[in-house]
Amino acid sequence: MATDHEGIAQAPGALPIVGHLFPLLRDPLRFLNTLPSYGDLVQIRLGTQTAVVVCRPELVQEVLLHDRTYDKGGPIIERIGNALGDGVASCPHSAHRRQRRSLQPAFSRACLREYAALMTEKIDTLTIGWSDGRTVDVAAQMYNFASDTISRTLFTAEAARPAIDTVKECLPDIFRGIYQQAVLPPWLSRLPLPPNLRYERARNRAWAAVSKTISLYRQDDETHGDVLSMLLKTQDDAGEVLGDAEIHAQIMTLLVAGIESTAVALTWAVHLLCQNPDVQERLRTETAEVLGTRTATWDDLPRLDLARRVITETLRIYPPGWILTRTTATEARLADAVIPPETTLIYSPYLMHHDARFNPRPSSFDPDRWLPEQEHVRGAFIPFGGGARKCIGDNYAMTLATLALSTIVAQWRLSSVDHQLPHIEPRMTLTPHGVQVRVECLQRVPD
Ligand code: HEM
Numbered sequence: 121m122a123t124d125h126e127g128i129a130q131a132p133g134a135l136p137i138v139g140h141l142f143p144l145l146r147d148p149l150r151f152l153n154t155l156p157s158y159g160d161l162v163q164i165r166l167g168t169q170t171a172v173v174v175c176r177p178e179l180v181q182e183v184l185l186h187d188r189t190y191d192k193g194g195p196i197i198e199r200i201g202n203a204l205g206d207g208v209a210s211c212p213h214s215a216h217r218r219q220r221r222s223l224q225p226a227f228s229r230a231c232l233r234e235y236a237a238l239m240t241e242k243i244d245t246l247t248i249g250w251s252d253g254r255t256v257d258v259a260a261q262m263y264n265f266a267s268d269t270i271s272r273t274l275f276t277a278e279a280a281r282p283a284i285d286t287v288k289e290c291l292p293d294i295f296r297g298i299y300q301q302a303v304l305p306p307w308l309s310r311l312p313l314p315p316n317l318r319y320e321r322a323r324n325r326a327w328a329a330v331s332k333t334i335s336l337y338r339q340d341d342e343t344h345g346d347v348l349s350m351l352l353k354t355q356d357d358a359g360e361v362l363g364d365a366e367i368h369a370q371i372m373t374l375l376v377a378g379i380e381s382t383a384v385a386l387t388w389a390v391h392l393l394c395q396n397p398d399v400q401e402r403l404r405t406e407t408a409e410v411l412g413t414r415t416a417t418w419d420d421l422p423r424l425d426l427a428r429r430v431i432t433e434t435l436r437i438y439p440p441g442w443i444l445t446r447t448t449a450t451e452a453r454l455a456d457a458v459i460p461p462e463t464t465l466i467y468s469p470y471l472m473h474h475d476a477r478f479n480p481r482p483s484s485f486d487p488d489r490w491l492p493e494q495e496h497v498r499g500a501f502i503p504f505g506g507g508a509r510k511c512i513g514d515n516y517a518m519t520l521a522t523l524a525l526s527t528i529v530a531q532w533r534l535s536s537v538d539h540q541l542p543h544i545e546p547r548m549t550l551t552p553h554g555v556q557v558r559v560e561c562l563q564r565v566p567d
């Protein structure tokens, strides 16, 4: 889309050749938040390409609900497909229903209950290295925790352990690389520059580790009660089992879509509890009543109400998936604008959650805004997207984060070492660095 269109405002400040690349790489959140002041649909430029940012909840809903018209596709999704294979998150509408149906049983409530037992086991090990008065790098700890738990949910067999370690090592470079590949002009992302090479190397290593695990599973023919075992047995609507390439793409997709977003959500939740000690104390009262000194389990979830609201409010303030795209498959009419085929549209949960017209007092951390009696603007809270492409792991992530946060708060008092806002690195997720937290043990062993 090279021309300007009626009903679509132009974001000012585009430079020749690079367009809005600098604000998008340097301070994308501030840049995004300026856009609604220009209109409901605002065109920005990524190098020589353009994209339209959708700035009203009802328009975002229209985009999300009409997934045939507003499809996955275009250069950004192509690059994600190149990194992960054509899995459920990047495939076009024509392949999506089938792929989603084959994956959905692995995220049923019954499965989730089983995964929760593994979550509880992993939460027990999360704080093993913590001691009274120690300073903890929360982002690194949460990344370890989420990657161990999610990769073990996908493949539990002992033989998969080396693959889990490789994937864990490679994912940060993959996450960083996908974002850079998505915003850089294609010619720049193809040059043999160190970040591009790092990304390629990490992607190839993770790719090979997952391939090896699939063939190990195929050889031993055992069922391990994990997502990979389930996928190997799944038949599609035509009664065909899934091929290796499709299973590979789904596993890569789940690893990439699941691990960092969940780790980031937990890191931000800890940061926000440090900034808001009154909420932390209220949460401790809840967890003391429900858990006492033990680790949270699936059966505790209905009573961990404030913990869930704390996570929900964290996802509002810092939605890990902060910028997402669609491409018009045909000409579309959105608000007053006629949008040509193959236009890239951007929706941003961050932008939506921070627009005071739709989320009053957007910067204040207030878990009570999620009490059942509170009213909300429809479509203005979208941390997991919406429509047919809504996050398949939303309940998994909420369960894991609620159980982990409740257990931590029941056993440890958390305070910031540094009162500065953590450095935010915009990758595919809104990644915080430098969340250094002092932990105080609340469960002293009697002398
Ligand atoms: C707090 C944690 C998480 C957040 C904030 C999050 C957010 C999102 C968002 C916003 C989307 C929609 C993308 C779009 O509209 O283009 C999405 C899709 C997806 N997520 Fe998550 N996610 C989280 C955790 C997980 C987990 C734990 C898994 C799996 C283990 C997962 C797997 C997926 C998959 C497979 C899709 C693609 C769904 C489809 O297109 O049918 N996510 N996620």
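Note that the numbering used here gives residue 316 to position 196 of the sequence shown, counting from 1, and the numbers run on in steps of one. All residues carry an ideal CB built from backbone N, CA and C; glycine is no exception.
Asked	Found
Meets three-Cβ-pair contact criterion under 8 angstroms: the region 495-502 and the region 254-274	no
Within the region 218-306, ranges of the alpha helix (DSSP H) (whole runs, at least 4 residues)	229-246, 258-274 and 281-303
Unbroken alpha helix (DSSP H) run spanning residue 401, endpoints	397-411
Length of the line joining the Cα atoms of residue 454 and residue 180	10 angstroms
For residue 81, three-class secondary structure by DSSP	Here the chain covers residues 121 to 567 and nothing more, so residue 81 does not appear.
7 angstroms CB neighbourhood of residue 325 in its chain, flanking five on each side removed	286 and 290
Distance between beta carbons of residue 384 and residue 549, contact taken as under 8 angstroms	5 angstroms
CB-CB length for residue 447 against residue 194, believed under 8 angstroms	4 angstroms
Extent of the continuous alpha helix (DSSP H) to which residue 197 belongs	194-204
First and last residue of the uninterrupted alpha helix (DSSP H) at residue 557	Where residue 557 is concerned, there is no enclosing alpha helix (DSSP H), although the beta strand (DSSP E) it sits in stretches over 556-561.
Given 8 angstroms, three or more beta-carbon pairs between the region 400-409 and the region 524-537	yes
Three-state secondary structure (DSSP) of residue 357	coil
Contacts around residue 355, its chain only, beta-carbon distance under 6 angstroms, and the 5 residues preceding and following it disregarded	361
Beta-carbon gap between residue 167 and residue 141 smaller than 8 angstroms	yes
Straight-line gap, residue 364 to residue 475 (C-alpha atoms, nearest Å)	44 angstroms
Cα-Cα separation, residue 416 to residue 337	32 angstroms
Limits of the unbroken alpha helix (DSSP H) element including residue 162	Residue 162 -> not in any alpha helix (DSSP H); beta strand (DSSP E) instead, spanning 161-166.
Cβ-based burial, residue 300 [other Cβ within 10 Å; buried from 16]	buried
First and last residue of the uninterrupted beta strand (DSSP E) at residue 444	444-448
Assigned secondary structure, residue 438 (DSSP; H/G/I helix, E/B strand, else coil)	coil
Spatially closest choice to residue 568 from 488, 411, 280 and 347, by CA coordinates	No answer is possible for residue 568: the residues shown for the chain start at 121 and end at 567.
Contiguous beta strand (DSSP E) assignments of at least 3 residues, all confined to the region 447-480	452-454, 457-459 and 464-467
Assigned secondary structure, residue 135 (DSSP; H/G/I helix, E/B strand, else coil)	strand
Length of the line joining the Cα atoms of residue 236 and residue 376	20 angstroms
Under 8 angstroms between C-beta atoms of residue 137 and residue 199	no
Residue 535: first and last residue of the uninterrupted beta strand (DSSP E) it sits in	532-536
Close-in-space but distant-in-sequence residues of the same chain around residue 303 (CB under 7 angstroms, 5 per side omitted)	141, 144, 145 and 166
Contacting residues, own chain, Cβ-Cβ under 7 angstroms from residue 222 (five flanking each side not counted)	354, 356 and 362
Residue interval of the beta strand (DSSP E) (run including residue 540)	No beta strand (DSSP E) contains residue 540, which DSSP labels as neither H nor E.
Closest by C-alpha distance to residue 461, when choosing among 467, 452 and 469	452
Exposure of residue 150, with buried meaning 16 or more beta-carbon neighbours within 10 Å	exposed
Spatial distance of residue 439 from residue 471 (CA atoms)	10 angstroms
Residues near residue 295 by beta carbon distance below 6 angstroms, same chain, minus five either side	380, 547 and 548
Element boundaries [alpha helix (DSSP H), containing residue 339]	314-340
Buried/exposed call for residue 288, threshold 16 Cβ in 10 Å	buried
DSSP-derived helix/strand/coil call for residue 370	helix
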